[in-house]
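S.K.:
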Amino acid sequence: MQNNSISEVMAAAAKAQEAADFAQFTVNNLWILVAAALVFIMHLGFATLEAGFVQKKNVVNILFKNSMIIAIGLLTYCLFGFDLMYPGDFNGYFSTGAFLSPGLEPTAEGMTAAYADYTYYADFIFQAMFAATCATIVSGAVAERIKLVPFLIFATLFVMISYPITGAWKWGGGWLDAMGFYDFAGSTIVHSVGGWAALAGIILLGPRNGKYTPKGIRAIQGHSMPLAAIGVFLLFFGWFGFNGGSVLSADPALTSLVFTTTAMAAAAGAIGAFFTSYFMFRNYDLSMVLNGILGGLVGITAGADIMSVTDSIIIGLVAGIIIPISVTMFDKLKLDDPVGATSVHLACGIWGTLAVAIFGDCEDCGSFGAQITGILAIGVFTFVFAFIVFFIIKATMGIRVNDEEQEIGLDIGEHEMSAYG
Amino acid sequence: MQNNSISEVMAAAAKAQEAADFAQFTVNNLWILVAAALVFIMHLGFATLEAGFVQKKNVVNILFKNSMIIAIGLLTYCLFGFDLMYPGDFNGYFSTGAFLSPGLEPTAEGMTAAYADYTYYADFIFQAMFAATCATIVSGAVAERIKLVPFLIFATLFVMISYPITGAWKWGGGWLDAMGFYDFAGSTIVHSVGGWAALAGIILLGPRNGKYTPKGIRAIQGHSMPLAAIGVFLLFFGWFGFNGGSVLSADPALTSLVFTTTAMAAAAGAIGAFFTSYFMFRNYDLSMVLNGILGGLVGITAGADIMSVTDSIIIGLVAGIIIPISVTMFDKLKLDDPVGATSVHLACGIWGTLAVAIFGDCEDCGSFGAQITGILAIGVFTFVFAFIVFFIIKATMGIRVNDEEQEIGLDIGEHEMSAYG
Amino acid sequence: MQNNSISEVMAAAAKAQEAADFAQFTVNNLWILVAAALVFIMHLGFATLEAGFVQKKNVVNILFKNSMIIAIGLLTYCLFGFDLMYPGDFNGYFSTGAFLSPGLEPTAEGMTAAYADYTYYADFIFQAMFAATCATIVSGAVAERIKLVPFLIFATLFVMISYPITGAWKWGGGWLDAMGFYDFAGSTIVHSVGGWAALAGIILLGPRNGKYTPKGIRAIQGHSMPLAAIGVFLLFFGWFGFNGGSVLSADPALTSLVFTTTAMAAAAGAIGAFFTSYFMFRNYDLSMVLNGILGGLVGITAGADIMSVTDSIIIGLVAGIIIPISVTMFDKLKLDDPVGATSVHLACGIWGTLAVAIFGDCEDCGSFGAQITGILAIGVFTFVFAFIVFFIIKATMGIRVNDEEQEIGLDIGEHEMSAYG
């Protein structure tokens, strides 16, 4: 031992430091991957939630759409969107992008630490799982009367172009980021974006036949509450990855806080929806409680990393209160949304983004001005983009199935099969 | 390199040590969080299991209860239970507790390592996911005839007060811990606690109409075996977090052993129930095999960290054998439990706690005397607490729906909707 | 500080190195365990997929089989298979094995690092979760007409003997490994093995009554597309553990690549099946898209760690194209497979193994010769083993339920109950 020179000992210390840094990198990277898998399972949550809330005759169609959306989302994000959203060459508003994102080959560069805490591929797969989410949100809102192929074309363009552009404004380091807009995991960037596109679709599609009659609003009940409940619980489960993974490392303090605020907001959302829907309708409405949980989750998403637990409970509670009010309001406006996606993702997405300004503890960011600017800028861009795309498709291919097909259901009409044998 | 002084090198070594310790802390903390998410998904398991085992007309009701229980459980544990169960100021029997647990604000203290292996928040969210479990166990046993709001009031009081008090006796470092009672992940503290409360509820409620007739016991079949099977598999999945997370670190040796003993006990439980139910009833009863898996899981929970693999197989096998015997026995006593929760969680919970004394390898703990004391003390407290609360609610609000509502089902009776459209 | 001797500093550096190494070991081991849990949930995926694709009258039976298979698989692998597959004493072809695998006791040896990156138990539970998979694959293919107990006997022998023997040829370091056969996570070793056994069973069983009539092939539709879709999404989810865990560490570069190639192949599989089935049948067939996703996953499994992202998309696309072609071909051959397991696991398993030779970047391995040798050797052994076992059971106990039981369904026939109340 005496024979060790100082330089030998220094080398040993440096080697230990390197090993420790690599262990830290490994656990951070592993968490991003596990979080990506959790976000993936949210797509099953959306699929079962939407399947449960539609009529028996449209179940194959909704499952088909959701199966294709995850495939389309992953592929377009790989070929185009990822490079558009996290761009090297970027003026802050629009990236030139690149077809077939460079770096997506297992070269030494792509596989080593492009970032401080995770690899290039871990970043890609985590972000890609997010991308498909916003198209899935649209899927539920336009269910039971939209044509299959036109919807798939819309979903492709939406995930490939619209979502990455507005995403880049904040997460790509664009102009909204520069002005202090704060959206931790995407109340606006993911959820309200899906909600705005859903709204555009609903307006251009019109309501389901028989929903709004001269005699009043007819409740068209979903065909399977167990499927809907499975969907909500799976979404809650996956949200631990959605929000927790958005820490972009396994940082113990932040990930633990985010898990806690996320769960507490969801719990409070259930309670808020329970009491509000009871006072409004005098019954115990399972759909409202389930959507209240989702509303709480959407609401906390913008600020899950900067809220106290008490704040998270208040944010979730308000989101839960919003749900039955918003559902009633959209129905009064004759905007027919079979699954309540606009209430959950748009209304609560806006609320969550504003809540950052009210409760958030974030220096130089999250001011009311910045939050409102972000909500409006992304909302206007997304709504206009979705409206134009849906409008062009409507004018050319048509987007609404005919009355006869709506009557017999899209399962027989589009797929020549039934969901249940 | 020659220029480094010894003190510089020592600082480098200390820095490397610190980095290594932080990496270890990060992975330990991450595992607690992932385990919390896995325990969360057990609530979906309970929801689908119970929904599958009840009749079609009571499905919305059971889903509503289980959605509310997770919300109520998280909130009451946050506001009250956590501080009651893991108390600073504690005489070993009852903590004074504190309304709105201190520390649940993202202060520097709360977010840094309050413990050796995980943060304050990670501890909270993991424990909070456990707390709601015991109320969920009750939910299934009292299904198909309990009033909604009275049940929710019971669940609130039970999770907020009863579970934390008895939990503190062991996991809070109370008198049972001091005397050597051993219950690794809660065969007694979680599962039998749920089972005792279920028993109190069953006794005060009475059986479902038409279950026990002069002509004998009528089997009232569940409405969906796929839902029941989904529930059991999700519970098995989540149990890796329930038991594995109870190591309270990602310690490689212990977590790996716990995963193995947990899975092997579940497998052996299926086999035990398969053969026993075949010899008893001469058929291949899926409900028994599914509950055998759960029985094996409950049975291993008390000692999953101190059993050999062979022991775990024996413990699971015996638990599986217990299931059909216990189900038959409860039916003979006219204690009507639609999902078999008392057999799974109470009977196998007691068995698993005793098994620690038989097989366990734990110095200064887990003696027969200590285990029986723990089972009885927690059992008596919980049963009496639950009985009194249910009794008071019964005397004031009533707990049983009227015969007409039971006939048409609680979905229409309490929620004005059906589970299936 | 001046007082530190060089030897003291060296000890500090060595201690830091040890701590860093242990943190690295902990995160690697944790990932194997989490991956084992993910592979476990694939069994729920198989159960719901198969349940969804069979008729209503055979649902209890399929759930019963799948519940028993996981139990049988874990137990036989523990008692016998693990030691047969990863043998100490091995001539490269057949291990002598050992009843009750040594080391499965929590001794100091068993619990410390037997391997560089994970514990003995973590290795066991991960591998044990794989073992049961291949029997589950058979379960779906022989559904709706096989007797229960004969199937369970077959599954026991198959998991206990056949799977470990061929597995050892590669993963146990046997002769196929020595000759450069490459199969990263089991396109051949797990999936095609299940597929070959399924084929043997299908041949000996014959088709379901009424499937192939003089008037043509009658499509016998599954009873629940939501269950089938849940199954596919859960399998996709679990595959992150199946492939990701097969890295056998949490190595950031490799696990991230494997997550990405796995997901992209699945996505491309959906697209391939979508277009191919549309061109073949002129409709939008949900079953084909779902099986296309699975085909893509099976296809990438052999080389998920050595493919570029572009390669993975091509491999998945081809697998998706194979699905409708293969399903049609098997039907033309009057080989009746209610869930398409032979197309997914056998056809795409072979494709994936060959794809390694086409696209793979693996020095000294994965040549066409080696890949074809592996496919044939394992295929012949497995098919012959399964055929002989099924043949003996057929000759002694019979394997096919009688026509009357097939007509009323196996739920009533074998279990005296229905899946739905």
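Residue numbers (our numbering), protein chains in the order written: chain V, 29 to 449; chain D, 29 to 449; chain Y, 29 to 449. Glycine included, each C-beta is placed from N, C-alpha and C at the ideal position. Because the structure is a prediction, the values reported are computed rather than measured.
Under the three-state reduction of DSSP, which class applies to THR147 of chain Y: helix, strand or coil?
M.R.: THR147 of chain Y: coil per DSSP, three-state reduction.
S.K.: To which residues of the same chain is LEU325 of chain Y closer than 6 angstroms at the C-beta, ignoring the five residues directly before and after it?
M.R.: For LEU325 of chain Y, where only same-chain residues beyond five positions count, the Cβ hits under 6 angstroms are TRP267 and ALA294.
S.K.: Closer than 8 angstroms, CB to CB, is PHE268 of chain V near chain Y or not?
M.R.: It does not; no Cβ of chain Y falls within 8 angstroms.
S.K.: Classify SER129 of chain V as buried or exposed, calling it buried when 16 or more other Cβ atoms lie within 10 Å of its own Cβ.
M.R.: Below a pLDDT of 50, predicted positions are generally treated as unreliable, and SER129 of chain V, at 49, falls in that range; the measurement from the model is reported next regardless. Classification of SER129 of chain V: buried, given that the 10 Å Cβ count is 16 or more.
S.K.: Taking all protein chains shown into account, do 16 or more other C-beta atoms lie within 10 angstroms of the C-beta of VAL177 of chain Y, making it buried, or fewer, making it exposed?
M.R.: Label assigned to VAL177 of chain Y: exposed.
S.K.: For THR76 of chain V, does the count of other Cβ atoms within 10 angstroms reach 16, so buried, or fall short, so exposed?
M.R.: Buried, because 16 or more other Cβ atoms sit within 10 Å of the Cβ of THR76 of chain V.
S.K.: Measuring only between beta-carbons, confirm whether ASN57 of chain V sits less than 8 angstroms from chain Y.
M.R.: By this cut-off, ASN57 of chain V is an interface position.
S.K.: Using the Cβ count rule (16 or more neighbours within 10 Å means buried), how would you classify PHE307 of chain D?
M.R.: Under this definition PHE307 of chain D is an exposed residue.
S.K.: Please report the Cβ distance between ALA171 of chain D and VAL367 of chain D, rounded to the nearest whole angstrom; I am assuming they are in contact, meaning their Cβ atoms lie under 8 angstroms.
M.R.: Yes, they are in contact, since the Cβ atoms of ALA171 of chain D and VAL367 of chain D sit about 7 angstroms apart, within 8 angstroms.
S.K.: Quick check on TYR240 of chain D: does DSSP put it in helix, strand or coil?
M.R.: Here TYR240 of chain D sits in strand by DSSP.
S.K.: Using a 10 Å radius around the Cβ and a threshold of 16 neighbouring Cβ atoms, would you call LEU262 of chain Y buried or exposed?
M.R.: Counting Cβ neighbours within 10 Å, LEU262 of chain Y comes out buried, since at least 16 surround it.
S.K.: So with Cβ pairs under 8 angstroms, would you call HIS71 of chain V a contact of chain D?
M.R.: With 8 angstroms as the cut-off, HIS71 of chain V does not count as an interface residue toward chain D.
S.K.: From the DSSP output, in three-state form, read off TYR121 of chain Y for me.
M.R.: Coil at TYR121 of chain Y, not helix or strand.
S.K.: State yes or no: is the beta carbon of LYS243 of chain V nearer than 8 angstroms to at least one beta carbon in chain Y?
M.R.: Not closer than 8 angstroms to any Cβ of chain Y, the Cβ of LYS243 of chain V fails to qualify, so no.
S.K.: Measuring alpha carbon to alpha carbon, tell me which residue in D:PHE81, D:ILE100 and D:TYR148 is nearest ASP111 of chain D.
M.R.: Among D:PHE81, D:ILE100 and D:TYR148, the Cα nearest to that of ASP111 of chain D belongs to D:TYR148.
S.K.: Which ranges does the alpha helix (DSSP H) cover as unbroken runs of at least 4 residues, wholly within the segment 366-422 of chain V, from first to last along the chain?
M.R.: Segments of the alpha helix (DSSP H) lying fully in the segment 366-422 of chain V: 376-387.
S.K.: Are ASP211 of chain D and ALA405 of chain D touching if we call contact CB-CB under 8 angstroms?
M.R.: No, they are not a contact pair.
S.K.: Three-state secondary structure (DSSP) at SER248 of chain Y?
M.R.: Checking the sequence, you will find Ile at residue 248 of chain Y rather than Ser. DSSP places ILE248 of chain Y in coil when its eight states are reduced to three.
S.K.: I want to know whether the segment 190-198 of chain Y touches the segment 216-230 of chain Y - three or more CB-CB distances under 8 angstroms.
M.R.: Flag = yes, the segment 190-198 of chain Y and the segment 216-230 of chain Y touch.
S.K.: State the beta-bridge partners of ARG310 of chain Y as determined by DSSP.
M.R.: Note: ARG310 of chain Y sits in no beta bridge, so no partner.
S.K.: Along the chain, where does the alpha helix (DSSP H) that runs through ILE351 of chain D open and close?
M.R.: Element bounds for ILE351 of chain D: 337-360.
S.K.: So, at 7 angstroms on beta carbons, what are the nonlocal neighbours of ALA447 of chain Y in its own chain, with the 5 sequence-adjacent residues on each side left out?
M.R.: Closer than 7 angstroms at Cβ, skipping near neighbours: LYS84, VAL87, VAL88 and ASP439.
S.K.: How would you write the range of the alpha helix (DSSP H) that LYS43 of chain V sits in, first residue to last?
M.R.: Run containing LYS43 of chain V: 34-81, per the alpha helix (DSSP H) assignment.
S.K.: Check ILE230 of chain D in the structure and name its three-state DSSP category.
M.R.: Correct three-state label for ILE230 of chain D: helix.
S.K.: Is the segment 156-170 of chain D touching the segment 380-387 of chain D, taking contact as three or more C-beta pairs under 8 angstroms?
M.R.: Segments in contact, no.
S.K.: Here's the rule: buried if 16 or more other CB atoms are within 10 angstroms of the residue's CB, otherwise exposed. What is ALA213 of chain Y?
M.R.: ALA213 of chain Y comes out buried.
S.K.: Can you grab the Cα-Cα spacing for the pair TYR121 of chain V / ASP333 of chain Y, in whole Å?
M.R.: Approximately 37 angstroms, taken between the alpha carbons.
S.K.: To the nearest angstrom, how far is the alpha carbon of TYR114 of chain V from that of GLY201 of chain V?
M.R.: Answer to the nearest angstrom: the Cα atoms are 8 angstroms apart.
S.K.: How many Å lie between ALA39 of chain Y and ALA41 of chain V at the Cα?
M.R.: Cα-Cα distance, rounded: 10 angstroms.
S.K.: Mind checking whether ALA278 of chain V and VAL55 of chain V have CB atoms under 8 angstroms apart?
M.R.: Cβ atoms of ALA278 of chain V and VAL55 of chain V: closer than 8 angstroms.
S.K.: Would you mind sorting LEU282 of chain D into buried or exposed? The rule is 16 or more other CB atoms within 10 Å of its CB.
M.R.: By the 10 Å Cβ count, LEU282 of chain D comes out buried.
S.K.: Consider the Cβ of GLU442 of chain V: report whether some Cβ of chain Y lies at a distance smaller than 8 angstroms.
M.R.: Closer than 8 angstroms: yes.
S.K.: Against TYR312 of chain D, what residues of chain Y qualify as contacts under a CB-to-CB distance less than 7 angstroms, listed in chain order?
M.R.: Result: PHE92, LEU176, GLU442 and HIS443.
S.K.: Does chain Y have any CB closer than 8 angstroms to the CB of GLY449 of chain V?
M.R.: It does: the Cβ of GLY449 of chain V has a partner Cβ on chain Y nearer than 8 angstroms.
S.K.: Would you kindly work out how many angstroms separate the C-alpha atoms of ASP313 of chain D and LYS43 of chain Y, rounded to a whole number?
M.R.: Spanning the two alpha carbons is a distance of roughly 57 angstroms.
S.K.: Are the C-beta atoms of SER446 of chain D and some chain Y residue less than 8 angstroms apart?
M.R.: It does not: the Cβ of SER446 of chain D has no partner Cβ on chain Y nearer than 8 angstroms.
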